[in-house]
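Shown next, in structure tokens, is the structure this report addresses.
As structure tokens, this is what we get:
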């Protein structure tokens, strides 16, 4: 049975697109599958050192892209890192256009197992997302501080969204007002410069969630608006929950590593007959509810009598 396992393992690694290589304590290649040998141009019977592989690939302009003018200095620095920790991961860009995610595991004898996965498609999706985000923000009047569309432009986009929904029964969507929690206290405690750094960090974090069809802008102070066309309430909630989770993990003040901040969100969906002031008011009321219920959460405006009802006569 052990022989069957070994036979299956050897057959699978030979066909696997994952680049697999094993180096001994002297950093000499002792095993490599076909995917590795093809990528780094190592013959089937060759056992070069890692250093030799890097040097000759660099000279031939193939294999991994090495962004250094002095290859010997680069190799010397890389050799200091290799095997210095039990495991590490890094990204490698190849001359053939591929991107690899490489993991290295070192045992107590100094042998190194390297496995590299092609993540080109993932990187392309990230690049597409960045292009979509840039398209959504392009040619917009922007706030000088946070470099996102200003209030006038954002409310203009809200009016366009309302008009599109009114003219097309198939259109729908949601509007969210996002507000940084305790921003005045942040300003009072850490000063205006640090408060501006928090605003900048929030804008950068938020832009990572902006899709091509969305509009994101600052509507005043620490308040921002996100317009989500063709997006259901549940989909909007998922997007905003992920945003709040990311914000919780942000540490925007490098000289105060323990500092973190949170945001509250009011969410409202488009309703037939809405004007700009209607949906804006509902999102703003939902934001006040999120603040009163403890902040750092998303609350949706709901009709009177439904769960989590918002009553306009409640104090803020």
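Numbering (the UniProt record's numbering), first residue to last: 1 to 316. All residues carry an ideal CB built from backbone N, CA and C; glycine is no exception. Bear in mind the structure is a predicted one, so any value in this text is a computation, not a measurement.
Which word fits residue 45, buried or exposed, when buried means at least 16 other C-beta atoms lie within 10 angstroms of its C-beta?
The count along the chain shown starts at 1 and reaches residue 45 at position 45. That one is exposed.
So, is residue 245 buried or exposed, given that buried needs 16 or more other C-beta atoms within 10 angstroms?
Numbered from its first residue, the chain shown carries residue 245 at position 245. Exposed.
Would you mind giving the Cβ-Cβ distance between residue 253 and residue 199, rounded to the nearest angstrom? I have them listed as a contact below 8 Å.
Residue 253 sits at position 253 when you count from the first residue of the chain shown. Residue 199 sits at position 199 when you count from the first residue of the chain shown. Not quite, the Cβ-Cβ distance comes to about 12 Å (not below 8 Å), so this is no contact.
In three-state DSSP terms, what is residue 183?
In the chain shown, counting from the first residue as 1, residue 183 sits at position 183. Three-state result, residue 183: helix.
Excluding the five sequence neighbours on either side, which residues of its own chain have a C-beta within less than 7 Å of the C-beta of residue 284, listed in chain order?
Counting from 1 along the chain shown, the entry for residue 284 is found at position 284. So the qualifying residues of the chain are 177, 266.
Among the residues of its own chain, which have a CB less than 6 Å from the CB of residue 171, if the five just before and after it don't count?
What you label residue 171 is simply residue 171 of the chain shown in a count that begins at 1. 164, 165.
Buried or exposed: residue 222, going by 16 or more other Cβ atoms within 10 Å of its Cβ?
The residue you call residue 222 lines up with position 222 of the chain shown. It counts as buried.
DSSP three-state call for residue 38: helix, strand or coil?
Working through the chain shown from its first residue, we reach residue 38 at position 38. DSSP places residue 38 in helix when its eight states are reduced to three.
Quick one: Cα of residue 276 to Cα of residue 175, how far?
If you number the chain shown from 1, residue 276 lands on position 276. If you number the chain shown from 1, residue 175 lands on position 175. So the alpha carbons of these two residues sit roughly 10 Å apart.
Measuring alpha carbon to alpha carbon, tell me which of 112, 299, 67, 42 ends up nearest residue 238.
Sequence index remark: in the chain shown, residue 238 carries index 238 (1-based). Here the closest residue by C-alpha is 299.
Taking just the CA atoms, how far does residue 190 sit from residue 91?
Along the chain shown, read from residue 1 onward, the residue named residue 91 stands at position 91. Along the chain shown, read from residue 1 onward, the residue named residue 190 stands at position 190. About 37 Å.
Is residue 261 helix, strand or coil by DSSP?
For this step, residue 261 is matched to residue 261 along the chain shown. Looking at residue 261 - three-state DSSP - the assignment turns out to be coil, as it is neither helix nor strand.
Residue 32 to residue 121, Cα distance in whole Å?
Here residue 32 refers to the residue found at position 32 when the chain shown is read from its first residue. Here residue 121 refers to the residue found at position 121 when the chain shown is read from its first residue. Rounded to the nearest angstrom, the two C-alpha atoms are 24 Å apart.
Quick one: grab the DSSP three-state call for residue 172.
One-based indexing of the chain shown puts residue 172 at position 172. Residue state, collapsed to three classes: coil.
Under 9 Å, do residue 111 and residue 24 count as touching if we go by C-beta distance?
Here the question's residue 111 lines up with position 111 in the chain shown. Here the question's residue 24 lines up with position 24 in the chain shown. Yes. Within cutoff.
Looking only at its chain, what residues have a beta carbon closer than 6 Å to the beta carbon of residue 98, apart from the 5 residues adjacent to it on each side?
Numbered from its first residue, the chain shown carries residue 98 at position 98. Result list for residue 98: 118, 120, in chain order.
Considering only the beta carbon of each residue, do residue 322 and residue 217 sit closer than 9 Å?
As shown, the chain starts at 1 and ends at 316. That puts residue 322 outside it, with no answer to give.
Report the three-state DSSP secondary structure of residue 77 (helix, strand or coil).
Taking the first residue of the chain shown as position 1, residue 77 is located at position 77. Helix.
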